[in-house]
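Note that numbering that gives the first Met the number 0 has the sequence shown beginning at 0, numbered continuously upward.
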Amino acid sequence: MVGTRDTAPHVGSGKIKVLATPVLVMLLEEAALNAVEGLLPAGLQTVGTRLDVSHTAATPVGMRVYAYAELTRVEGRKLTFRVWADDEVERIGQGEHERIIVNVERFDVRTQDKVARTLTNIKK
């Protein structure tokens, strides 16, 4: 259900008290994540890499929003989803989302290496 914390003024994306586009994006990405999360072997996860979304209708505070994702293509580690969201009255957004399957341990090592490089640059 859309609450005041989900509105454009609260997240800083506008002045009108309706569902904010960044919140819609979060719901669509979460739907894609949930569509595949339980299917991956231990040690593998997905990370979002691309999202192309149209937010086509406003949803007021107090109305429910339902987000959906359908896996449409698998190319190696790249997963492509058709995503869409409806409120209680109409379709409010749709688009395409890509996620990449990553090995969590290797991903964490790379991100920690990035932190270490940043700290090294600060000390110079």
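Even glycine gets a Cβ: it sits at the ideal position worked out from N, Cα and C.
Asked, Found
"In the DSSP assignment, find the unbroken beta strand (DSSP E) run with residue 77 in it and report its ends.", "77 to 86"
"Using three-state DSSP, classify residue 73 as helix, strand or coil.", "strand"
"DSSP puts residue 50 in a beta bridge; with which residues?", "96"
"What distance in whole Å lies between the Cβ atoms of residue 23 and residue 84, which are believed to be in contact at a cut-off of 8 Å?", "6 Å"
"Beta carbon of residue 6, beta carbon of residue 17: below 8 Å?", "yes"
"In terms of residues, what are the limits of the alpha helix (DSSP H) holding residue 124?", "Because the chain here runs from 0 to 123, residue 124 falls outside it and cannot be looked at."
"What residue range is occupied by the uninterrupted alpha helix (DSSP H) comprising residue 103?", "103 to 122"
"DSSP state of residue 7, grouped into three classes?", "helix"
"With burial defined as no fewer than 16 other Cβ atoms inside 10 Å of the residue's Cβ, what is the status of residue 28: buried or exposed?", "buried"
"Just to confirm my understanding: we take residue 104, look at its own chain, exclude 5 residues before and 5 after, and list those with CB closer than 8 Å. What are they?", "42"
"Compute the distance between the beta-carbons of residue 64 and residue 91, then report whether it is under 8 Å.", "yes"
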